[in-house]
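Chains as they are written, first to last, in the UniProt record's numbering: chain A, 1 to 327; chain B, 1 to 327.
Since the structure comes first, as structure tokens, the remarks are kept for the end.
2 protein chains.
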Amino acid sequence: MIDTLLRREFPFASLKLLASARSAGTVIDVRGESIPVLEATPEAFEGVDIALFSAGGDVSLRLAPEAVKRGALVIDNTSAYRMAPEVPLVVPEVNAHEIFNHHGIIANPNCSTIQMMVALYPIYQVYGIRRIVVSTYQAASGAGQRAIEELKQTAAAILTGESPTASVLPVSKLEKHYPLAFNVLPQIDVFEANGYTKEEMKMVNETHKILADSRIQVTPTAVRVPVVYGHSEAVYVETEKPFVLEDVKNLLANSPGLILQDDPANQIYPQPLQAAGEFPVFVGRVRKDLFVENGLSLWVVADNILKGAALNAVQIAEIWVRQEGVL
Amino acid sequence: MIDTLLRREFPFASLKLLASARSAGTVIDVRGESIPVLEATPEAFEGVDIALFSAGGDVSLRLAPEAVKRGALVIDNTSAYRMAPEVPLVVPEVNAHEIFNHHGIIANPNCSTIQMMVALYPIYQVYGIRRIVVSTYQAASGAGQRAIEELKQTAAAILTGESPTASVLPVSKLEKHYPLAFNVLPQIDVFEANGYTKEEMKMVNETHKILADSRIQVTPTAVRVPVVYGHSEAVYVETEKPFVLEDVKNLLANSPGLILQDDPANQIYPQPLQAAGEFPVFVGRVRKDLFVENGLSLWVVADNILKGAALNAVQIAEIWVRQEGVL
Numbered sequence: 001m002i003d004t005l006l007r008r009e010f011p012f013a014s015l016k017l018l019a020s021a022r023s024a025g026t027v028i029d030v031r032g033e034s035i036p037v038l039e040a041t042p043e044a045f046e047g048v049d050i051a052l053f054s055a056g057g058d059v060s061l062r063l064a065p066e067a068v069k070r071g072a073l074v075i076d077n078t079s080a081y082r083m084a085p086e087v088p089l090v091v092p093e094v095n096a097h098e099i100f101n102h103h104g105i106i107a108n109p110n111c112s113t114i115q116m117m118v119a120l121y122p123i124y125q126v127y128g129i130r131r132i133v134v135s136t137y138q139a140a141s142g143a144g145q146r147a148i149e150e151l152k153q154t155a156a157a158i159l160t161g162e163s164p165t166a167s168v169l170p171v172s173k174l175e176k177h178y179p180l181a182f183n184v185l186p187q188i189d190v191f192e193a194n195g196y197t198k199e200e201m202k203m204v205n206e207t208h209k210i211l212a213d214s215r216i217q218v219t220p221t222a223v224r225v226p227v228v229y230g231h232s233e234a235v236y237v238e239t240e241k242p243f244v245l246e247d248v249k250n251l252l253a254n255s256p257g258l259i260l261q262d263d264p265a266n267q268i269y270p271q272p273l274q275a276a277g278e279f280p281v282f283v284g285r286v287r288k289d290l291f292v293e294n295g296l297s298l299w300v301v302a303d304n305i306l307k308g309a310a311l312n313a314v315q316i317a318e319i320w321v322r323q324e325g326v327l
Numbered sequence: 001m002i003d004t005l006l007r008r009e010f011p012f013a014s015l016k017l018l019a020s021a022r023s024a025g026t027v028i029d030v031r032g033e034s035i036p037v038l039e040a041t042p043e044a045f046e047g048v049d050i051a052l053f054s055a056g057g058d059v060s061l062r063l064a065p066e067a068v069k070r071g072a073l074v075i076d077n078t079s080a081y082r083m084a085p086e087v088p089l090v091v092p093e094v095n096a097h098e099i100f101n102h103h104g105i106i107a108n109p110n111c112s113t114i115q116m117m118v119a120l121y122p123i124y125q126v127y128g129i130r131r132i133v134v135s136t137y138q139a140a141s142g143a144g145q146r147a148i149e150e151l152k153q154t155a156a157a158i159l160t161g162e163s164p165t166a167s168v169l170p171v172s173k174l175e176k177h178y179p180l181a182f183n184v185l186p187q188i189d190v191f192e193a194n195g196y197t198k199e200e201m202k203m204v205n206e207t208h209k210i211l212a213d214s215r216i217q218v219t220p221t222a223v224r225v226p227v228v229y230g231h232s233e234a235v236y237v238e239t240e241k242p243f244v245l246e247d248v249k250n251l252l253a254n255s256p257g258l259i260l261q262d263d264p265a266n267q268i269y270p271q272p273l274q275a276a277g278e279f280p281v282f283v284g285r286v287r288k289d290l291f292v293e294n295g296l297s298l299w300v301v302a303d304n305i306l307k308g309a310a311l312n313a314v315q316i317a318e319i320w321v322r323q324e325g326v327l
């Protein structure tokens, strides 16, 4: 988050770093200035204009209202407020106007939803979208730093012929854990009663809310793969109106936040190892369905920590600041 | 292949091992007996009842007719004859009867098609299938031993902070190569003019041939993931007739070659690391679509080297031997 603020040259006058009592007291170097980490108490939000929350849903539920009470705009990276009717759920390339309808809190969508929305919104605007079938290839970093460490440890164990042990993935708070290295885990977050995971239901519900269109039929399968940074998605859509493939490619090549990497003859297509550390969403393998009228397949890759989290939040703050002249 | 023949206790009287001139001369230990590898010449097939081919399409095109001429039944693991009209394309759990329509050659389907067919055929029989949208998560072993080595080398390089180099994956004969470790590559085999890869077109064409039903709309995306053994597939189908979810699960639990691993509450679902070395196809995450009438999603995993190749070929030979009393 700090890194993204700096890379975007976000115009902050001062930066306050808040964390749990356990982490308070450490000092973080920001542009050569040593900034102490303070404990995130309600009072700590006094004088804060914009509060970027990213410390888990329970922390947001407890402290976001305190920050709002003290005059801050909260941009929340957790799922705590995403489906609250009065809270805008914003992907700037899609529904930036919603930023100005906030009541103190703006929610940042789930990483896998954000990149899909950036890729599909241009198509939605021009052709309409009736349905989406999406399979994800999600990176370990989406489950946090401990998941990254576990991926590396299990990979090293398998490479040296030891048997890998896991205690974090797929869901740290659940009972069973499986190694992700040289494996694929079809579970991200807990299961709901309908057989879908919470991650999958986020892709359904957040798509409906961001596009303000609950008619779209979304069929998700969310899968964790042994990648450190960068989520990939195989996305199939059916548009309402017919399309010419070249027109769709031109549209995607000229849409905000999106880079078209689609040249099969030269083996050019998005890859997570290449997208890691980058701000845009990358799209490729754009092709017409062989059988289904208005069927279209695409391959969408983005850095889940940047566009899927920190960057999207900072973009929201940028638009707010630019329009409101807050700072 | 040898290992599978032994594990299945295939009733062979003698085993002949053939390879290129380069590999000829090595000696392989089979059940304590030292068997020399001979050069695969046309004459080497004299006296052979069943010839299991797995040395690339060009070798099969050159030598399979020579083996047939000398009285052998050829079971071909390559793609050379799969779409030839007079050659049966067989998944024993689906169309074993085709084995007896051969004219000397029986083709073994592509690995990603085989496991999908084992999982979908019971559903196809009872409910009919109108369409399939499938995204694959395919292991490095599908691209051969050099691809496995490259996956391990690139993984080790990244873990030690070196930059990985690739010269095999995604397609060794093409110009560009990308590391697979901690990455995902949306290319398996070369691209065709329609934007689909050859691997994806195999899933379309072979599905039609095996089910003898070219009306099924197949939408594939084939992706290589950093796994050594075991292909996974996120499969969405639309059936012709309505279904009750529990009936589908019972059906899958009682179908040949298939093991239902579907207990989300206890985090039970198929994983490639668990399926590696096993003969069956594993299916889980079976769930009804949230919006689409007759929509069904499943997660299918199998060892691509066993059920996807050697086992399927040996099963074909077993059925032929059992019915014909050849040996």
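Each residue gets a CB set at the ideal place from its N, CA and C atoms; glycine is no exception.
The beta strand (DSSP E) enclosing residue i, as first and last residue numbers
i: A:E233; result: 231-239
i: A:P164; result: First-last for A:P164: undefined, no H or E at that position.
i: A:R287; result: 281-288
i: B:I268; result: Segment: none, B:I268 is in no beta strand (DSSP E) and carries neither H nor E.
Residue i, DSSP secondary structure in three states
i: residue 377 of chain A; result: Within the shown structure, residues of chain A are numbered from 1 to 327, placing residue 377 of chain A beyond reach of any answer.
i: B:G25; result: coil
i: A:L260; result: strand
i: A:N247; result: Checking the displayed sequence, the identity of residue 247 of chain A turns out to be Asp instead of Asn. The answer is helix: DSSP assigns A:D247 an H, G or I state.
i: A:L5; result: helix
i: B:T197; result: strand
i: A:A275; result: helix
i: A:P122; result: helix
i: A:E175; result: coil
i: B:V204; result: helix
i: A:E149; result: helix
i: A:I106; result: strand
i: A:S34; result: strand
i: A:S79; result: coil
i: B:I305; result: coil
Proximity to residue i [Cα-Cα], best of the options
i: B:V37; options: B:L15, B:Y178, B:G47, B:I50; result: B:L15
i: B:K241; options: B:E293, B:P88, B:S79; result: B:E293
i: residue 328 of chain B; options: B:Y124, B:A64, B:P264, B:P85; result: Here chain B comprises residues numbered 1 to 327, so residue 328 of chain B is not present and cannot be evaluated.
i: B:Q217; options: B:V27, B:E238, B:A253, B:G195; result: B:E238
i: B:Y127; options: B:P42, B:V225, B:L252, B:F10; result: B:L252
i: B:P122; options: B:G308, B:V30, B:A275, B:F243; result: B:F243
i: A:E162; options: A:Q145, A:A181, A:N77, A:V171; result: A:A181
i: B:Y81; options: B:V59, B:P92, B:G308, B:A96; result: B:V59
i: A:L273; options: A:A139, A:E98, A:G25; result: A:A139
i: A:I114; options: A:E66, A:H208, A:A51, A:S297; result: A:H208
i: A:F12; options: A:R31, A:V68, A:R285, A:A21; result: A:R31
i: A:S141; options: A:H231, A:E9, A:I158, A:A265; result: A:H231
i: A:F279; options: A:Q261, A:L306, A:D263; result: A:L306
i: B:G57; options: B:L73, B:T78, B:K202; result: B:T78
i: B:P85; options: B:E98, B:L73, B:E33; result: B:E98
i: B:V228; options: A:K202, A:L260, A:D262, A:N183; result: A:N183
N-terminal and C-terminal residue of the alpha helix (DSSP H) that residue i is part of
i: B:Y137; result: No alpha helix (DSSP H) holds B:Y137; the beta strand (DSSP E) holding it covers 129-137.
i: B:P65; result: 57-69
i: B:Y315; result: Residue 315 of chain B is actually Gln in this sequence, not Tyr. From DSSP, the alpha helix (DSSP H) with B:Q315 extends over 311-324.
i: A:V218; result: Per DSSP, A:V218 belongs to no alpha helix (DSSP H); it is in the beta strand (DSSP E), 217-221.
i: A:V94; result: 92-95
i: B:I99; result: Segment: none, B:I99 is in no alpha helix (DSSP H) and carries neither H nor E.
C-beta atoms of residue i and residue j nearer than 8 Å
i: A:A282; j: A:A310; result: This sequence places Phe at residue 282 of chain A; Ala is not what is there. Not in contact: A:F282 and A:A310 (Cβ atoms no closer than 8 Å).
i: B:T165; j: B:V223; result: no
i: B:L169; j: B:A147; result: yes
i: A:Q271; j: B:Y196; result: no
i: B:E199; j: B:D189; result: yes
i: B:F45; j: B:R70; result: yes
i: A:I316; j: A:I35; result: no
i: A:E206; j: A:P109; result: yes
i: B:A67; j: B:A51; result: yes
i: B:G308; j: B:C111; result: yes
i: B:E93; j: B:P256; result: yes
i: A:I210; j: A:N95; result: yes
Presumed contact (8 Å Cβ cut-off) between residue i and residue j, rounded CB distance
i: B:G295; j: A:T219; result: 7 Å
i: A:N194; j: B:R287; result: 7 Å
i: B:Q187; j: A:Q267; result: 7 Å
i: B:V133; j: A:V133; result: 5 Å
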